[in-house]
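A short write-up of the structure that comes next.
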Amino acid sequence: MSQHSSQQSPQQSEHQDRRDAYWNANKRIMFGCLIVWFVVSFGFGIVLAEPLDNFHLFGYPLGFWFAQQGSIYTFLILIFFYAWRMNKLDREHDVHEE
Amino acid sequence: MDNLQLLTYIVVGFTFVLYIGIAVWSRAHTTGDFYVAGKGVHPIANGMATAADWMSAASFISMAGLIAFLGYDGSVYLMGWTGGYVLLALLLAPYLRKYGKFTVPSFIADRYYSKTARVVAVICLIFISFTYVAGQMRGVGIVFSRFLEVDILTGLLVGMGIVFIYAVLGGMKGITYTQVAQYCVLIFAYTVPAVFISIQLTGNPFPQLGLGSTVSGTESMYLLEKLDLVVQDLGFGAYTDGSKAMIDVAAITLALMVGTAGLPHVIVRFFTVPKVSDARKSAGWALLFIALLYTTAPAVGAMARLNLIETIWPGEVAESQPLAYEERPEWFRTWENTGLLDFTDKNGDGMIQYYNDANPDFRPTAEAKGWEGNELMVDRDIMVLANPEIARLPNWVIALVAAGGIAAALSTAAGLLLVISSAVSHDLVKNIFAPNMSDRGELLTGRIAAAVAICVAGYLGYNPPGFVAQVVAFAFGLAAASLFPAIIMGIFSTRINREGAIAGMLTGLIFTFGYILYFKGIFITPIAENVPENWLFGISPEGIGVVGMLLNFAVAFTVSRFTAAPPVHIRELIEDIRVPRGAGGAQAH
Numbered sequence: 385m386s387q388h389s390s391q392q393s394p395q396q397s398e399h400q401d402r403r404d405a406y407w408n409a410n411k412r413i414m415f416g417c418l419i420v421w422f423v424v425s426f427g428f429g430i431v432l433a434e435p436l437d438n439f440h441l442f443g444y445p446l447g448f449w450f451a452q453q454g455s456i457y458t459f460l461i462l463i464f465f466y467a468w469r470m471n472k473l474d475r476e477h478d479v480h481e482e
Numbered sequence: 021m022d023n024l025q026l027l028t029y030i031v032v033g034f035t036f037v038l039y040i041g042i043a044v045w046s047r048a049h050t051t052g053d054f055y056v057a058g059k060g061v062h063p064i065a066n067g068m069a070t071a072a073d074w075m076s077a078a079s080f081i082s083m084a085g086l087i088a089f090l091g092y093d094g095s096v097y098l099m100g101w102t103g104g105y106v107l108l109a110l111l112l113a114p115y116l117r118k119y120g121k122f123t124v125p126s127f128i129a130d131r132y133y134s135k136t137a138r139v140v141a142v143i144c145l146i147f148i149s150f151t152y153v154a155g156q157m158r159g160v161g162i163v164f165s166r167f168l169e170v171d172i173l174t175g176l177l178v179g180m181g182i183v184f185i186y187a188v189l190g191g192m193k194g195i196t197y198t199q200v201a202q203y204c205v206l207i208f209a210y211t212v213p214a215v216f217i218s219i220q221l222t223g224n225p226f227p228q229l230g231l232g233s234t235v236s237g238t239e240s241m242y243l244l245e246k247l248d249l250v251v252q253d254l255g256f257g258a259y260t261d262g263s264k265a266m267i268d269v270a271a272i273t274l275a276l277m278v279g280t281a282g283l284p285h286v287i288v289r290f291f292t293v294p295k296v297s298d299a300r301k302s303a304g305w306a307l308l309f310i311a312l313l314y315t316t317a318p319a320v321g322a323m324a325r326l327n328l329i330e331t332i333w334p335g336e337v338a339e340s341q342p343l344a345y346e347e348r349p350e351w352f353r354t355w356e357n358t359g360l361l362d363f364t365d366k367n368g369d370g371m372i373q374y375y376n377d378a379n380p381d382f383r384p385t386a387e388a389k390g391w392e393g394n395e396l397m398v399d400r401d402i403m404v405l406a407n408p409e410i411a412r413l414p415n416w417v418i419a420l421v422a423a424g425g426i427a428a429a430l431s432t433a434a435g436l437l438l439v440i441s442s443a444v445s446h447d448l449v450k451n452i453f454a455p456n457m458s459d460r461g462e463l464l465t466g467r468i469a470a471a472v473a474i475c476v477a478g479y480l481g482y483n484p485p486g487f488v489a490q491v492v493a494f495a496f497g498l499a500a501a502s503l504f505p506a507i508i509m510g511i512f513s514t515r516i517n518r519e520g521a522i523a524g525m526l527t528g529l530i531f532t533f534g535y536i537l538y539f540k541g542i543f544i545t546p547i548a549e550n551v552p553e554n555w556l557f558g559i560s561p562e563g564i565g566v567v568g569m570l571l572n573f574a575v576a577f578t579v580s581r582f583t584a585a586p587p588v589h590i591r592e593l594i595e596d597i598r599v600p601r602g603a604g605g606a607q608a609h
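Quick note, the sequences are listed as chains Y and A, same order.
Every number in the working numbering is 384 more than the matching position in the first sequence, counting from 1.
Every number in the working numbering is 20 more than the matching position in the second sequence, counting from 1.
Next comes the structure, spelled out in structure tokens:
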């Protein structure tokens, strides 16, 4: 943290910088996933459901499909993507578990 | 005893033997076993256990019925109860696993360096969990009384006995492996009838695809299109359109999502896996197992609704004559006995006129036909349980559904009872009243607390305080407004301090509690009528947890800004939970 970095040795502050870089990269991935999460459920499934219902996926009106099926599939993909991406990030930043 | 009842006894009895066998095999020896299964649960097994833990009698018995009658508006449950897992996986599970202690109140107490915060968290947890568990015990009672034809008290006592054996003996370890078995039973019981019905109606064995397919015997009539037509012919709104205000739909969905991520019995499941990376993956497995049921439920709901209408209206819907009461099928009679299906011959013609009499635009049409009001009352809760009978499926499928309903209710009840007992033995007794207690003493206290909690839950299930249905909104709203913000801020902010967190939790709790009380009147008569015109921003009591959560955040930030920053060791704790390396096995206090 910047408030107390002035009293730290160069080694400690380098350690701190690496942690900050990891944390910021994590937050970027997280926000990216949360945007998809929000757009699919609240966007396609709720706010835009009515206009989307003019399109069809087989017998499903599209907005209805997003609300009752598509959003759930997207959530599933998002979590597995996040788990995979974070495992990679942990290794890149050398903070992974033994 | 008829054939169906005998089969049901055999199937349910077999599952009980299975659960008890697992309990004996996986007894808990230490508090680590009892609270978090020794942190040795494989992420896939934990995913299954989480799915069974999470999917309660409400998911198994009630949800498809709700969707059947709400249509598009039922989507709030589907998105709300699955979207929460994204929040869990991204915002909570990995960090709480890294923190690595036993309970949710422990995290709040450590992060906010305060016994008061611990007590506030324990109060939230106990309130949330007991309201939930009462509903589960009721579910067990209903299934027993319908399928095994014993009275509700006997059913409850048997259910309590089973939970007692594996929760008290096995603790989290016993519960985890029993839940894996219960998941298998419940998902099999849910999907088998759904597959049969999907094949009957559309020829497609996957209900998820069947719902989007054409109706068997037609070339171009899609199932949802047909359902939209027949419900509109009876004066209902189109199945695929909603009738709730958009803001309310969004608020309820978000409250259910956030509430899910804040439910202590779900969070604590992620304490049981060996590593931080396992906690992330395990949330994905949990959602996969949940999604098997949750993507099937909308098909079950829509198909059950269509089957019901076609049974009552065998000819052209609303044009020809409906079914005569004298010709009602066998399942109609059995469910009439339970009072969950009810026919009143308002116009005295002996026919079952089932339509929407609350729609003023449809009234002239109904009057012209000599209908004098809707004559069939269908309880939403029977749709899943009666579904196999309505579709004329074989008896073993019906017996399986009974075992599935019991598995869903017991697995959730056990998970809830465990978080209640660990909050009492670990957070209250060990950390506040008797800090010098030994590990064995704490284990015994945990077992006694679990036993007492089972008795209280059984009592609540037998004498449901008239408000069991209403309190579901309570559990989610309170979790969303109290525990979730406190945990999130504890991980993502280094500046939120003790004063801010306590003030925030209390604000969220009191506001949400007060709003629900104001419109639903639990213990007191409601102060205002529960209609959209009276609601704050048009948000119903079901969705108000969202506003409570925002208030919690706002108050916590403001109070923290004007009070001292958290001490240095707390900053170190936060820095530490943000990186995965170093998550060891179970740590005691």
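Just so it is clear, CB atoms sit at the ideal spot from N, CA and C, and this is done for glycine as well.
Nothing here was measured: the structure is a model prediction, and the numbers come from that model.
Euclidean distance between Cα positions of valine 250 of chain A and leucine 328 of chain A: 11 angstroms
Chain C within 8 angstroms of valine 423 of chain Y, Cβ atoms only: Absent from the structure is chain C; the protein chains it does hold are Y and A.
Secondary structure of tyrosine 259 of chain A, DSSP reduced to three states: coil
Buried or exposed by the 16-neighbour rule on C-beta atoms within 10 Å, applied to glutamate 549 of chain A: exposed
Exposure label - valine 566 of chain A; buried when at least 16 CB within 10 Å: buried
Distance CB(valine 579 of chain A)-CB(valine 439 of chain A) smaller than 8 angstroms: no
Minimum Cβ-Cβ distance from glutamine 220 of chain A to chain Y less than 8 angstroms: no
Between the CA atoms of glycine 568 of chain A and phenylalanine 531 of chain A - distance to the nearest angstrom: 6 angstroms
Check whether alanine 209 of chain A and glutamine 156 of chain A have beta carbons under 8 angstroms apart: no
Chain Y within 8 angstroms of leucine 244 of chain A, Cβ atoms only: yes
Beta-carbon proximity check, threonine 102 of chain A vs glutamine 228 of chain A, cutoff 8 angstroms: no
Closer than 8 angstroms to chain Y by CB, methionine 397 of chain A: no
Straight-line gap, cysteine 204 of chain A to glycine 33 of chain A (C-alpha atoms, nearest Å): 16 angstroms
Cross-strand partners of histidine 440 of chain Y (DSSP beta bridge): Y:Pro445
Residues near aspartate 474 of chain Y by beta carbon distance below 6 angstroms, same chain, minus five either side: His480
Top-ranked residue by Cα proximity to glycine 194 of chain A, from A:Glu519, A:Lys59, A:Trp351: A:Lys59
Three-state class that DSSP yields for threonine 234 of chain A in the structure shown: strand
Meets three-Cβ-pair contact criterion under 8 angstroms: the stretch 71-88 of chain A and the stretch 378-390 of chain A: no
CA nearest to the CA of glycine 304 of chain A, picked from A:Arg131, A:Glu350, A:Ala69: A:Ala69
Interface partners of glutamate 595 of chain A on chain Y, CB under 9 angstroms: Met385, Gln400, Arg403, Trp407
Interface partners of tyrosine 314 of chain A on chain Y, CB under 8 angstroms: Ile456
Contact list for glutamine 228 of chain A against chain Y, beta-carbon separation under 7 angstroms: Gln453
Closer than 9 angstroms at the beta carbon, the chain Y residues around tyrosine 535 of chain A: Simply none; closest approach about 22 angstroms.
Segments assigned alpha helix (DSSP H), at least 4 residues, entirely inside the stretch 501-543 of chain A: 504-512, 518-540
Chain-ordered chain A contacts of isoleucine 419 of chain Y [CB-CB under 9 angstroms]: Within 9 angstroms Cβ-Cβ: nothing; isoleucine 419 of chain Y doesn't reach chain A, min ~11 angstroms.
Inter-residue spacing [alpha-carbon to alpha-carbon] between histidine 440 of chain Y and tyrosine 92 of chain A: 15 angstroms
Coarse secondary structure for valine 398 of chain A, derived from DSSP in three states: strand
Isoleucine 143 of chain A beta carbon less than 8 angstroms from that of proline 284 of chain A: no
Unbroken beta strand (DSSP E) run spanning aspartate 447 of chain A, endpoints: From DSSP, aspartate 447 of chain A is part of no beta strand (DSSP E); its letter is neither H nor E.
Chain Y contacts from the stretch 83-115 of chain A (Cβ-Cβ distance under 7 angstroms): Tyr92, Ser95, Leu98, Met99, Thr102, Gly103, Tyr105, Val106, Ala109, Leu110
Test: glycine 443 of chain Y CB closer than 8 angstroms to a CB of chain A: yes
Exposure of glycine 159 of chain A, with buried meaning 16 or more beta-carbon neighbours within 10 Å: buried
Methionine 75 of chain A - DSSP class collapsed to helix/strand/coil: coil
Secondary structure, alpha helix (DSSP H): runs of 4+ residues fully inside the stretch 547-572 of chain A: none
Top-ranked residue by Cα proximity to proline 587 of chain A, from A:Leu244, A:Asn367, A:Leu464, A:Arg518: A:Arg518
Integer-rounded CB distance, given that leucine 24 of chain A should sit under 8 angstroms from alanine 419 of chain A: 7 angstroms
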